[in-house]
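*Asks:* Using my numbering, the first residue of the sequence shown is number 32, and each one after it goes up by one. Structure below; questions to follow.
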Amino acid sequence: MALTRDFKETVVARVKSDPAFAQALLDEAVNLFLNGELDIARLVLRDLVNATVGFEGLAIDIHKSSKSVHRMLSRSGNPTMENFSAIITAIKKALHVDIKAQVVPG
Numbered sequence: 032m033a034l035t036r037d038f039k040e041t042v043v044a045r046v047k048s049d050p051a052f053a054q055a056l057l058d059e060a061v062n063l064f065l066n067g068e069l070d071i072a073r074l075v076l077r078d079l080v081n082a083t084v085g086f087e088g089l090a091i092d093i094h095k096s097s098k099s100v101h102r103m104l105s106r107s108g109n110p111t112m113e114n115f116s117a118i119i120t121a122i123k124k125a126l127h128v129d130i131k132a133q134v135v136p137g
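Okay, structure coming up:
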């Protein structure tokens, strides 16, 4: 099911007004990625990019075309590790946060 425009606008508004929400989205995307949920991680990152740096801004930051960045973060996208890392780095910079991974007993 496609997301509605209202939902996407709500996410954008919430990210802009609540830095903790933006950080939580980034945290969720990273945890999804680390736990093998790559499709969902890309879609969460897509929403976060839309609400923060924008695709054009991200494309400039990572030296790729906007169209390429859109493809990377689509449901069927397949960014290289280098591109994925660059995307995360650009979002971290925009949110003024750092990421620390932690291994816990399963």
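The beta carbon of each residue, even a glycine, is placed where N, CA and C say it ideally should be. Model, not experiment: these values are computed from the prediction.
1. Buried or exposed: which applies to residue 115, given that a residue is buried once 16 or more other Cβ atoms fall within 10 Å of its Cβ?
2. Any idea if residue 111 is buried or exposed, counting beta-carbon neighbours within 10 angstroms, 16 or more meaning buried?
3. Expressed to the nearest angstrom, what Euclidean distance is found between the alpha-carbon atoms of residue 46 and residue 125?
4. Between the region 121–137 and the region 42–57, are three or more C-beta pairs nearer than 8 Å?
5. Going by C-alpha to C-alpha distance, which of 137, 132, 123 sits closest to residue 89?
6. Pick helix, strand or coil for residue 132, following the three-state DSSP scheme.
7. From 134, 109, 43, 83, pick the residue whose C-alpha is nearest to that of residue 121; which is it?
8. Residue 77 and residue 57: beta carbons closer than 9 Å?
9. Given a threshold of 16 other Cβ atoms within 10 Å of its Cβ, counted over all protein chains shown, does residue 134 qualify as buried or as exposed?
10. Using CA coordinates, which residue listed in 132, 97, 69 is at the minimum distance from residue 80?
*Replies:* Answer, in terms of the structure:
1. Buried, because 16 or more other Cβ atoms sit within 10 Å of the Cβ of residue 115.
2. Burial call: exposed.
3. Those two C-alpha atoms are separated by around 12 Å.
4. Yes: at least three Cβ pairs fall under 8 Å.
5. Per the Cα distances, 123.
6. Residue 132: coil per DSSP, three-state reduction.
7. That would be 83, whose Cα lies nearest to the Cα of residue 121.
8. Not closer than 9 Å, so no.
9. The residue in question, residue 134, is exposed, as its Cβ has fewer than 16 Cβ neighbours within 10 Å.
10. Minimum Cα distance to residue 80 is reached at 97.
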